[in-house]
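Accompanying notes for the structure given below.
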Amino acid sequence: MLTDLQQQPADALLALIKLHNDDPRADKIDLGVGVYRTGRDNTPVFGAIKAAEQILVDTQDSKAYLGPEGDMGFVKALMPYVFGKDSPDMGGRIEGMQTPGGTGSLRLALAMVKRAGYKRIIVGKPSWPNHNQICADLGLGVVEFSHAKADGTTDMDAVRGAIAAAEEGDAILLHGCCHNPTGIDYSHAEWDEIAGLLAESKILPVIDLAYQGLGQGMEEDAYGLRRVLAAVPEALICYSCDKNFGLYRDRVGALYAMVSDPADLAKVMSNGHSLARANWSQPPDHGGAAVRIVLEDEALTAQWLDELDKMRDRMREVRAKLAAAGQTGGVDLSPLGGQNGLFSIIPFTPEQVQAMRSKHGIYFAGSGRINVAGLTMGNIEQFLAAVADVTG
Ligand code: PMP
Numbered sequence: 001m002l003t004d005l006q007q008q009p010a011d012a013l014l015a016l017i018k019l020h021n022d023d024p025r026a027d028k029i030d031l032g033v034g035v036y037r038t039g040r041d042n043t044p045v046f047g048a049i050k051a052a053e054q055i056l057v058d059t060q061d062s063k064a065y066l067g068p069e070g071d072m073g074f075v076k077a078l079m080p081y082v083f084g085k086d087s088p089d090m091g092g093r094i095e096g097m098q099t100p101g102g103t104g105s106l107r108l109a110l111a112m113v114k115r116a117g118y119k120r121i122i123v124g125k126p127s128w129p130n131h132n133q134i135c136a137d138l139g140l141g142v143v144e145f146s147h148a149k150a151d152g153t154t155d156m157d158a159v160r161g162a163i164a165a166a167e168e169g170d171a172i173l174l175h176g177c178c179h180n181p182t183g184i185d186y187s188h189a190e191w192d193e194i195a196g197l198l199a200e201s202k203i204l205p206v207i208d209l210a211y212q213g214l215g216q217g218m219e220e221d222a223y224g225l226r227r228v229l230a231a232v233p234e235a236l237i238c239y240s241c242d243k244n245f246g247l248y249r250d251r252v253g254a255l256y257a258m259v260s261d262p263a264d265l266a267k268v269m270s271n272g273h274s275l276a277r278a279n280w281s282q283p284p285d286h287g288g289a290a291v292r293i294v295l296e297d298e299a300l301t302a303q304w305l306d307e308l309d310k311m312r313d314r315m316r317e318v319r320a321k322l323a324a325a326g327q328t329g330g331v332d333l334s335p336l337g338g339q340n341g342l343f344s345i346i347p348f349t350p351e352q353v354q355a356m357r358s359k360h361g362i363y364f365a366g367s368g369r370i371n372v373a374g375l376t377m378g379n380i381e382q383f384l385a386a387v388a389d390v391t392g
């Protein structure tokens with residue numbers, strides 16, 4: 001019976017939105033929800049996307065079904081940005097399909113991993129909570145290793161250990177850039193080492209690239225992904241356009257598979273298609289079509305890249321200001337300057353997280369994860385004073 005179902009815990013971040021909304025203080029700050037915010041504290045539609053949407057409205061003459069693979073023009077237009085302009089499909093070894101966001105891509109990738117007979121997936125801890133949730137739902141075992149050390153650097157010994165201890169039939173999930181929730185990414189030298197270790201192993205890499213362009217730049221943020229792909233025979237790549245094109249609720253993503261023999265690609269992708277059919281049949285079209293229109297037009301592409309650069313510059317500016325504050329009360333904010341993307345973790349105790357909310361009206365996850373884009377030059381001093389107050 002339906003009443004046999006167990007109550008599920010509320011999503012902690014969604015609960016946080018409500019807490020923030022219910023707070024009457026005018027100077028409250030939301031550092032919870034994972035969306036980019038401008039210096040004016042809003043999340044506008046990209047100008048390039050608005051222009052592309054207008055073109056779509058004016059020119060789209062049918063909304064007939066496209067198929068489980070979605071808009072292949074979108075999927076292909078993205079490939080030079082992800083895999084490099086020189087050989088975007090690596091000699092016919094890479095094919096893709098459109099998915100509902102990065103989450104849809106991860107859902108398909110992990111279901112393919114399961115279907116291909118892999119038993120376990122190695123995941124750094126902490127990770128984006130939905131990684132574990134999808135694995136649990138699919139019955140895919142998760143082996144965890146420590147992603148970062150207390151000093152705010154990557155825990156390379158833990159990666160080396162996890163790869164060395166891997167068994168036949170293991171896959172590994174890696175964040176391509178802008179690690180969520182820590183903001184702590186592998187350096188180029190560390191990616192070189194990881195790529196070499198994976199090349200010697202039989203582990204299947206699944207690379208989640210949800211924030212390309214928000215860390216150091218579009219090319220720079222693809223470094224690790226490209227190094228790993230150059231080293232291994234097979235991989236799955238889960239891509240989200242929801243952050244770097246600001247399309248969040250339109251759900252735009254892609255799944256790419258790389259195989260060693262191009263002759264196997266159609267068979268591998270047919271599994272992506274059949275899994276999509278059983279899950280959502282076809283991805284929503286609108287956002288992917290808008291991204292395709294941007295990428296097919298030189299002027300709109302330049303406008304999009306310019307808007308993306310401004311987002312990244314603003315976040316780097318906030319990070320630099322936090323890092324410059326250094327020791328603030330009982331916490332050292334200097335590591336945040338070298339971290340990437342929307343998120344970083346500040347080692348608050350649960351009591352300090354509560355005090356930030358109740359005493360100062362500043363809301364972020366219980367893990368201490370803050371969305372740095374929630375800070376502006378107008379509220380950062382207020383944030384620093386609150387941090388000094390609750391941790392001092
Ligand atoms: N991977 C990571 C690491 C993420 O942080 C997110 C979004 N928060 C996603 C994937 C999925 O993004 P989307 O909204 O496109 O489903």
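In the UniProt record's numbering, the protein residues as written are 1 to 392. Backbone N, C-alpha and C fix where the C-beta goes; we use that ideal spot for every residue, glycine too. What you are looking at is a predicted structure, and each value in this text was computed from that prediction instead of being measured.
Cβ neighbours of G288 within its own chain (closer than 7 Å, five residues either side excluded): G70, D71, F74, Q98 and V252. Selection R357, M377 and L342 evaluated against W128 yields L342 as nearest (Cα-Cα).
When DSSP assignments are scanned along the segment 305-351, the uninterrupted stretches of beta strand (DSSP E) that are 3 or more residues long and fall wholly within it turn out to be 343-345. In this structure, the beta-carbon distance from H131 to V143 does not fall below 8 Å. Taking the Cα positions, F245 is about 43 Å away from M1. When the five nearest sequence neighbours on each side are left out, the beta carbons in the same chain lying within less than 7 Å of the beta carbon of M112 are those of L236, N271, G272 and L275, in order along the chain. Annotation for D170: the continuous beta strand (DSSP E) segment containing it runs D170 to H175. Minimum Cα-Cα distance from L197 among the listed residues G378, G161 and T349 corresponds to G161. Taken in chain order, the segment 10-36 contains no complete beta strand (DSSP E) segment of 3 residues or longer.
In this model, Y223 and G217 are separated by some 10 Å (Cα to Cα). The closest CA to that of N371, considering only N340, I172, A325 and R93, is found on N340. In this structure, the beta-carbon distance from Y239 to V82 falls below 8 Å. In this chain, the beta strand (DSSP E) harbouring M97 covers I94 to P100. Inclusion of L78 and L265 in the CB contact set at 8 Å is not warranted, their separation being larger than that value. CA-to-CA, the gap between D389 and G329 works out to about 7 Å. D242 has its Cβ nearer than 7 Å to a heavy atom of the ligand PMP. Excluding sequence positions up to five before and after G32, its CB lies within less than 8 Å of the CB of L13, L16, I17, H20, Y363, F364, A365, N371 and G374, all in the same chain and listed in chain order. The beta-carbon distance between E234 and S260, rounded to whole angstroms, is 6 Å. This is short enough to meet the 8 Å contact definition. Straight across, the Cα-Cα distance linking G213 with G96 is about 20 Å.
Counting every other CB atom within 10 Å of its CB across the protein chains shown gives V159 a total of 16 or more, marking it as buried. Ranked by Cα distance from A324, the options F383, R312 and G337 are led by G337. With contacts defined as CB atoms closer than 8 Å, I194 and V228 qualify as a contacting pair. DSSP places C135 within a helical segment (H, G or I) once states are collapsed to three.
Short of 7 Å from the beta carbon of Y186, and not among the five residues preceding or following it, lie these beta carbons of its own chain, in chain order: T154, I194 and G224. Cβ atoms of A52 and I293 come within 8 Å of each other, at about 4 Å. By a beta-carbon distance limit of 8 Å, A166 contacts I203. Their separation comes to about 5 Å. Less than 8 Å divides the Cβ of A257 from the Cβ of M269.
Cβ contact annotation for W191 (same chain, cutoff 8 Å, sequence separation greater than five): Y223, G224, R227 and V228, in chain order. Within the DSSP secondary-structure output, G124 pairs in a beta bridge with F145. Straight-line measurement puts the Cα of G141 at about 22 Å from the Cα of A199. In the DSSP annotation of this structure, the continuous segment of the beta strand (DSSP E) that includes G253 starts and ends at V252 to M258. Counting only residues of its own chain and dropping the five nearest sequence neighbours on each side, V206 has a CB closer than 6 Å to the CB of A109, A171, L173 and L236. If you look at D208, you'll find it in the beta strand (DSSP E) that goes L204 to L209. Going by DSSP, N371 is part of no alpha helix (DSSP H) but of the beta strand (DSSP E) stretching over R369 to N371. P100 is classed as buried because its beta carbon has at least 16 other beta carbons within 10 Å across all chains shown. Placement of the Cβ of N279 at a distance of 7 Å or more from every heavy atom of the ligand PMP is found.
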